[in-house]
Amino acid sequence: MFSRRLPPDLAPNRLALRRAALPPRYDLTGSDPTRAGIVYPAELLRPLGEPRGLVHEPDPRGHPAARAAVAVEARRRGQPVDPDAVLLTASTSEAYALLFKLLCDPGEAVLVPVPSYPLFEHLAALEGVRAVPYRLDPDQRFQPALPDAPPPGARALVAVHPNNPTGTLLDAASGAALTGWCARHGLALIVDEVFLDYPLDPACAPRSLAGTGDALTFVLGGLSKSCGLPQLKLAWTIVSGPERARALEALAFAADSYLSVGTPVQLALGELLAAARPVREAILARCRAHLALLRAALAPLPGVSLVEPDGGWSAVLRYPAVADGEDLALALLEQDRVAVHPGWFFDLPAAGWLVVSLLPEPAEFAEGVARLVRRLARL
Ligand SMILES: Cc1ncc(COP(=O)(O)O)c(C=O)c1O
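Here it is, written out as structure tokens:
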């Protein structure tokens, strides 16, 4: 009855079932900033109520004022962007869907990093496309280990900068190697930079890959992470490199069938990006403080180590692989009322790896980490 774009089994997994029956008290998996006790300015959403939003102003690439606001925001990060090189979508997920439609015929492939964001496989399958993994090497601080040549049918490579969940930024050599490899093999490069605003080391000023190298490049960002406003549904794609004009024309054709970004949020974008600065700063301060707490809490544990993240909202821990990650996550849930992600959720090995969010409310995070440490100490 239904297509093979969907997984044959939609039943929740063992951990999800258990969690539904026994909700955690200390949730170290939360990644929604609107539910983490972050203080948002009371007037932040006021521009959404402006009467100018009463007129429907659809533009398949996104309203020119909103695209200009994305360019201004990019310049804030020291990255010159032409507003005409910007495409707006309702989310980064929608941007992936449009890019996979643009670049791949059914059955063709996109290379996706492993370990990384678990949605890639589904986003690709939903477009009738294969997600073929390439490795981020744990022994090389999770930098990409590219194959000599792309697999048959590959049309694009996805990179996440910084990566979720490892927090790794592509270093200068890896960035140049990726763009060069894609250009040499005729692949497009899709760089997900949704977490680029969150460098965890105050001395680090990460740089975008937009406009670097000779590959056709799509750099993704959005309100979800940059302003902590996932519910507003607006993301952007910055296109650079060869065939940029044709790619934008084709993307506009595809986006014209949906016109999914609302007019009020587009008209408000410039003000939102400026006014949400304290939100971004509060999230960054929270993640930095929680990373320091986690580092200190894990330090006395023999055999347990933190994979130091460069940026983002999560951290990966390594523990002796004597216990399966899912069994450990279940024990934490049932006996300690703590939720963590087992590594397999992000395609890390089944034993020896756990992932925690740095975003939870401080008291919840501190107690959750204390309980996690006590359990790890008993392994
Ligand atoms: C790497 C990465 N890209 C994209 C997203 C989602 O962004 P959006 O809400 O714009 O679809 C997430 C959400 O966690 C993410 O981790």
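In the working numbering, the protein residues as written are 916 to 1294. All C-beta atoms in this analysis are idealised placements derived from N, C-alpha and C, irrespective of residue type, glycine included.
Here residue 1283 has 941, 943 and 1253 as same chain residues with Cβ atoms under 6 Å from its own Cβ, once five neighbours each way along the sequence are excluded.
Bounds of the alpha helix (DSSP H) holding residue 1181 are 1178-1190. Taking residue 934 as the centre and dropping the five residues before and after it, the same chain places the C-beta of 1248 and 1254 closer than 7 Å to its C-beta, in chain order. Rounded to whole angstroms, the separation of the alpha carbons of residue 1161 and residue 975 is 15 Å. Collapsing the DSSP output to three states places residue 1258 in a helix. Not one heavy atom of ligand 1 falls within 7 Å of the beta-carbon of residue 968. The straight-line gap separating the alpha-carbon atoms of residue 959 and residue 1145 is approximately 14 Å. In the three-state reduction of the DSSP assignment, residue 946 falls in the coil class, being assigned neither a helical nor a strand state.
In the structure shown, residue 987 adopts helical secondary structure according to DSSP, grouped into three states. Around the beta carbon of residue 1004, 16 or more other beta carbons lie within 10 angstroms, which makes this residue buried. DSSP, reduced to helix, strand and coil, places residue 1083 outside both helices and strands of the structure shown, so it counts as coil. Per DSSP, residue 1168 is one residue of the alpha helix (DSSP H) stretching across 1159-1171. Runs of beta strand (DSSP E) with 3 or more residues, each lying fully within the region 1187-1253, are found at 1220-1222 and 1229-1233, listed in chain order. Here residue 1190 has 956 and 959 as same chain residues with Cβ atoms under 7 Å from its own Cβ, once five neighbours each way along the sequence are excluded. Minimum Cα-Cα distance from residue 1040 among the listed residues 1059, 1016, 1052 and 1053 corresponds to 1016.
Contact between the region 1070-1086 and the region 989-998 is not established, with fewer than three Cβ pairs separated by less than 8 Å. Relative to ligand 1, residue 946 has its C-beta within less than 7 Å of a heavy atom. With a cutoff of 7 Å, residue 1128 does not count as near ligand 1, since its C-beta is closer than that to no heavy atom of the ligand. Per DSSP, the unbroken beta strand (DSSP E) holding residue 1029 starts and ends at 1024-1029. Its chain contains 1026, 1100 and 1102 as the residues whose beta carbon lies nearer than 7 Å to that of residue 1065, once the 5 sequence neighbours on both sides are disregarded; these appear in chain order. Counting only heavy atoms of ligand 1, the residues whose C-beta sits closer than 6 Å to one of them are, along the chain, 946, 1006, 1007, 1008, 1032, 1075, 1079, 1107, 1109, 1137, 1139, 1145 and 1150. For the options 963, 937, 1154 and 1074, the alpha carbon positioned closest to that of residue 989 is the one of 1154.
According to the DSSP assignment, residue 1050 belongs to no alpha helix (DSSP H) but to the beta strand (DSSP E) extending over 1045-1052. In this structure, residue 1194 and residue 1137 do not form a Cβ contact; the two beta carbons are roughly 14 Å apart against a cut-off of 8 Å. Non-local C-beta neighbours of residue 965 in its own chain, meaning closer than 8 Å and more than five positions away in sequence, comprise 1179, 1182 and 1183, ordered along the chain.
In this structure, the straight-line span from the alpha carbon of residue 1078 to that of residue 1159 is close to 25 Å. In this structure the region 1200-1214 lies against the region 1283-1293, because at least three pairs of beta carbons, one per stretch, are closer than 8 Å.
The C-alpha of residue 1133 is placed about 15 Å away from the C-alpha of residue 1110. Residue pairing by DSSP places residue 1001 opposite 1153 in a beta bridge.
Cα atoms of residue 1060 and residue 1192: separation of roughly 36 Å, rounded to the nearest angstrom. Counted as a single uninterrupted DSSP element, the beta strand (DSSP E) harbouring residue 1103 occupies residues 1103-1107.
Closest option to residue 938, judged by alpha-carbon separation, among 1289, 1251, 1262 and 1261: 1251. If you draw a straight line from the Cα of residue 1010 to the Cα of residue 1231, it comes to about 27 Å.
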